[in-house]
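Each residue of the sequence shown is one higher than the one before, counting from 0 in numbering that gives the first Met the number 0. Worksheet: one structure, shown below.
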Amino acid sequence: MRLKVHTQILIAIVSGTMVGLALGEKAVHLKVAGDIFIRLLKMIIIPLILASMVAGIVSLGDIRRLGRIGLKTFIYYTATTLLAVGVGLVLVNVMKPGVGVDMGAEAAVDMADRETPSIISIIEDIIPENVFAGMAENKVLSVIFFSLLLGIAISSTGEKARPLTAFFESLNTVMMKVTDWIMRLAPVGVFALIAYTIGTMGLSVVKPLAVYMVTVVLGLGIHAFVTLPVLLILFGKYSPFKFIKDMFSAVATAFSTASSAATLPITMECLRENTGVSNKVASFVLPLGATVNMDGTALYEAVAAMFIAQAYGISLSIGQQLVIMLTATLASIGAAAIPGAGLVTMVIVLRAVNLPLEGIGMILAVDRILDMLRTAVNVWGDACGTAVVARLEGEELNDKAPNNQTGKN
Ligand code: ASP
0 MRLKVHTQIL IAIVSGTMVG LALGEKAVHL KVAGDIFIRL LKMIIIPLIL ASMVAGIVSL
60 GDIRRLGRIG LKTFIYYTAT TLLAVGVGLV LVNVMKPGVG VDMGAEAAVD MADRETPSII
120 SIIEDIIPEN VFAGMAENKV LSVIFFSLLL GIAISSTGEK ARPLTAFFES LNTVMMKVTD
180 WIMRLAPVGV FALIAYTIGT MGLSVVKPLA VYMVTVVLGL GIHAFVTLPV LLILFGKYSP
240 FKFIKDMFSA VATAFSTASS AATLPITMEC LRENTGVSNK VASFVLPLGA TVNMDGTALY
300 EAVAAMFIAQ AYGISLSIGQ QLVIMLTATL ASIGAAAIPG AGLVTMVIVL RAVNLPLEGI
360 GMILAVDRIL DMLRTAVNVW GDACGTAVVA RLEGEELNDK APNNQTGKN
């Protein structure tokens, strides 16, 4: 009997952890297998987004529908990100992980050459000077922007654009096939990535930061297991138990790669294969979500900023904490969907309330493991959002029957 991919991935996570612990530093040799998996995923992101967005928009028929989906998506993404940050702020105020942390022993970090996004650079990210350069540089937002334009233009051209419609539909189907092949490698990729990370991490760095980590993990847990499932039940009318099973391969890939962008092909595949969400909705809501909707990152940035304030003995007023809430939301939108991006955009939050940037040095050591967790929550949030928007659009979803899955999840 062949095990389902999500069962294989579960086994990969457990055995990867054990092998990582057993091998220690030697696990570095497994990196290459993980890298191959991530490269394969990254390789198809751009054509996948282009094909699926154009095909999705063209199939909407009526452009007003795109506006409606866009508005719902915007409301869902903003509301959930703010909810996540709210949970993080409450927890960090209650648990006070930074109080009593000894600052002296921590290394300062030079943030001078780490770029933080400015308004101009955000515009540059969205509107490419040259669409092919945008694609070549993996600028996901600019590919989304161009795909939107292209899709709308094809829709409003009519007869003469028929060949293009057929072309993008066909490309979309073919890209999904390629994704399916890559997904079969996921168990090996996840195993290698986890063994490598656990093996080379070193557990000694964790101890002084334990309470801080627990605070972040607890916050992420509440968001992932309480807030989002409640929304999924209320607005998506979808059983969270079935949905987590449906999306497990995507969430586990997000966890092991720490990149929402690299995970995107698998997130799309899981949604289409297992949940019944249409390409119309998935192709718009998901790529956008992978790039701008990062609930986990926003929560993490708010907790980390407060942790740094507490460690430096700086107390922040309610007003300043509201600034953190707002800037953490913006910083999560600006963060690229790649490993460690949230750590970089945190500069925005720290600057906004005048906290010392050197504080980032303190939390650097445990960033990778928290990055894996927040990325899993980011992808879970995108997936829940897609199901909710699809349901609000009146779609019939595969929400109950546990047996009518295709077996490919
Ligand atoms: N790695 C995260 C992601 O891809 C972003 C972050 O660093 O928080 O979603």
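The C-beta atom is built at its ideal place from N, Cα and C for all residues, glycine as well.
Own chain partners of residue i with C-beta closer than 8 angstroms, once the 5 adjacent residues on each side are dropped
i       : result
Lys-138 : Asp-124, Pro-127
Ala-340 : Thr-296, Ala-334
Ile-8   : Ala-185, Pro-186, Val-189, Phe-247, Ser-248, Ala-251, Thr-252
Phe-283 : Met-52, Gly-55, Ile-56, Leu-65, Ile-68, Gly-69, Thr-72
Arg-373 : Val-215, Leu-219, Met-293, Gly-295, Thr-296, Leu-298, Tyr-299, Gly-341
Val-410 : Because the chain in this structure spans residues 0 to 408, residue 410 falls outside the shown range and cannot be described.
Glu-395 : Gly-275
Burial state of residue i, where buried means 16 or more other Cβ atoms lie within 10 Å
i       : result
Lys-71  : buried
Lys-399 : exposed
Gly-60  : exposed
Glu-24  : exposed
Lys-279 : buried
His-222 : buried
Thr-156 : exposed
Leu-329 : buried
Leu-208 : buried
Ser-316 : exposed
Met-361 : buried
Met-305 : buried
Gly-318 : exposed
Trp-180 : exposed
Glu-105 : For Glu-105, the pLDDT reaches just 46, beneath the cut-off of 50, and the residue's location in the model is therefore unreliable, leaving the point undetermined.
Leu-90  : buried
Phe-254 : buried
Pro-162 : exposed
Arg-390 : buried
Leu-20  : exposed
Glu-272 : buried
Ile-232 : exposed
Ile-197 : buried
Met-94  : buried
Ser-314 : exposed
Leu-287 : buried
Ile-118 : exposed
Ser-154 : buried
Ile-122 : exposed
Val-173 : exposed
Phe-131 : exposed
Ala-111 : Confidence is the limiting factor: at Ala-111 the pLDDT is only 46, short of 50, which leaves the residue's position unreliable, though a coordinate-based value still follows. Exposed: under 16 other Cβ atoms inside 10 Å.
Ile-268 : Note that residue 268 corresponds to Glu in the displayed sequence, not to Ile. Counting Cβ neighbours within 10 Å, Glu-268 comes out buried, since at least 16 surround it.
Ser-277 : buried
Met-17  : exposed
Cβ neighbours of residue i in the same chain (closer than 6 angstroms, five flanking residues each side left out)
i       : result
Ile-332 : Val-291
Leu-342 : Asp-366
Val-98  : Gln-309
Ala-54  : Phe-167, Glu-168, Asn-171
Val-4   : Ser-248
Val-447 : Any answer about residue 447 is impossible in this case: the structure gives the chain only from 0 up to 408.
Val-100 : Ala-310
Pro-96  : Val-210, Tyr-211, Thr-214, Phe-306
Lys-30  : Tyr-195
Met-371 : Phe-254, Ala-257
Lys-236 : Arg-390
Asn-397 : Thr-274, Gly-275
Leu-149 : Val-53
Own chain partners of residue i with C-beta closer than 7 angstroms, once the 5 adjacent residues on each side are dropped
i       : result
Ser-146 : Ile-48, Leu-49, Met-52, Val-53
Thr-256 : Ile-37, Leu-192, Thr-262
Val-376 : Leu-219, His-222, Ala-223, Asp-294, Gly-295
Val-177 : Ile-43
Ala-382 : Met-246, Ala-249, Thr-266, Leu-270
Tyr-75  : Gly-384, Val-387, Val-388
Ile-45  : Met-134, Asn-137, Val-142
Ser-238 : Asp-398, Lys-399
Residue i: CB within 8 angstroms of a non-hydrogen atom of ligand 2
i      : result
Leu-22 : As for ligand 2, it is missing from this structure, which binds only ligand 1.
Taking 6 angstroms as the limit, tell me which residues put their C-beta closer than that to any heavy atom of ligand 1, in chain order. Ala-257, Ser-258, Ser-259, Met-293, Thr-296, Ala-334, Ala-336, Ile-337, Pro-338, Gly-339, Ala-340, Gly-341, Asp-370, Arg-373, Thr-374, Asn-377
List, from N- to C-terminal side, the alpha helix (DSSP H) runs of 4 residues or more that fit wholly inside the segment 217-270. 227-233, 239-256, 259-269
Segments of 4+ residues assigned as alpha helix (DSSP H) that fall wholly inside the segment 357-403: 358-363, 366-391
Which whole runs of the alpha helix (DSSP H) in the segment 297-348 are 4 residues long or more, in chain order? 317-333
In chain order, what are the residue ranges of uninterrupted alpha helix (DSSP H) at least 4 long that sit wholly in the segment 81-169? 118-125, 130-135, 139-156
Give the list of continuous alpha helix (DSSP H) stretches no shorter than 4 residues that lie fully inside the segment 13-84. 30-59
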